[in-house]
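To start, the structure under review is shown below, and the notes come after it.
Residue numbers (our numbering): 4 to 298.
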């Protein structure tokens, strides 16, 4: 599966009979999937199939789907009220010689209120079904285009994220290889600190002091944080290669990356390691910002 961003735009349009329709789809970032649908009056019947089609394609994003229609020309028809016509003819027969016996003229019939109704012609059931099919086909085309745009942008974001992951991996190895973490260097620093303390306070218990120093040295060790960072790098790379809707899990990993980098900075006994830890935090923030755009 491919990575998808949550931003995109698509449009499709077409004609069915006298009706021209157009779909416009817009997608932006969202915590979940939120579809805002706008349909023209009279086409509310399409709401259920449309709301079923969108979640089948996407799992996250705020999506606006707007359908607009225009009728190319108005088609009218004359509808005869036969009951009214029969009533007029019956009245004429009843009046007999009292009225003009010449045949009734069309303009005379048209002037009688309620006899003939001029109204917009209604589309038949077949035309309505054809319109619905064309509109839903157009929606499918628009969804395909929106998916393609989100996939294209997702690929670009994925490349940027992988670069960030590679940088995190490199910085983690830099911390791991720093001379301040070697046992000899740690022992040298501890010995110097203990010696300095003993010079000014002869009453201190040297053995107890060394024991406390050893405890502090253990707490300051970065082995666990480094191992977890390496594990998170592997997990992030696997998710990026797997693709699909992995944005939430990558966001969780970004939080874990940040947690480990904070701990490294707080436990560091070296200016060089602290500097690398700060650089780690910068890269991790950039990683997390990009992750917010992924489905």
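Ideal placement from N, C-alpha and C gives every residue a C-beta, glycine not left out.
Who are residue i's beta bridge partners in DSSP?
i, result
"residue 258", "Beta-bridge pairing links residue 258 to no other residue."
"residue 110", "Residue 110 pairs with nothing; no bridge assigned."
"residue 25", "16, 71"
"residue 120", "82"
"residue 31", "65"
"residue 300", "Residue coverage of the chain in this structure runs from 4 to 298, which leaves residue 300 outside it and unanswerable."
"residue 297", "8"
So what does DSSP say about residue i, is it helix, strand or coil?
i, result
"residue 146", "helix"
"residue 41", "strand"
"residue 138", "helix"
"residue 88", "helix"
"residue 99", "helix"
"residue 36", "strand"
"residue 169", "helix"
"residue 251", "helix"
"residue 129", "helix"
"residue 115", "coil"
"residue 230", "helix"
"residue 59", "coil"
"residue 280", "helix"
Is it the case that the Cβ atoms of residue i and residue j are separated by a distance below 8 angstroms?
i, j, result
"residue 232", "residue 263", "yes"
"residue 17", "residue 141", "yes"
"residue 73", "residue 136", "no"
"residue 42", "residue 70", "yes"
"residue 68", "residue 53", "yes"
"residue 163", "residue 293", "yes"
| Is there contact here, the stretch 152-170 with the stretch 8-17, by at least three beta-carbon pairs under 8 angstroms? | yes
| query | Is there contact here, the stretch 53-73 with the stretch 27-36, by at least three beta-carbon pairs under 8 angstroms? | reply | yes
| How about the stretch 276-283 and the stretch 164-181: do they share at least three Cβ pairs that are nearer than 8 angstroms? | yes
| Segment contact flag, the stretch 237-257 with the stretch 162-176, C-beta cutoff 8 angstroms, min 3 pairs | yes
| request: Assess, as a yes-or-no matter, whether the stretch 108-121 is touched by the stretch 60-72 under the definition of 3 or more beta carbon pairs within less than 8 angstroms. | output: no
| task | Determine, using beta-carbon pairs with one atom in the stretch 266-276 and one in the stretch 243-254, whether at least three such pairs fall under 8 angstroms. | result | no
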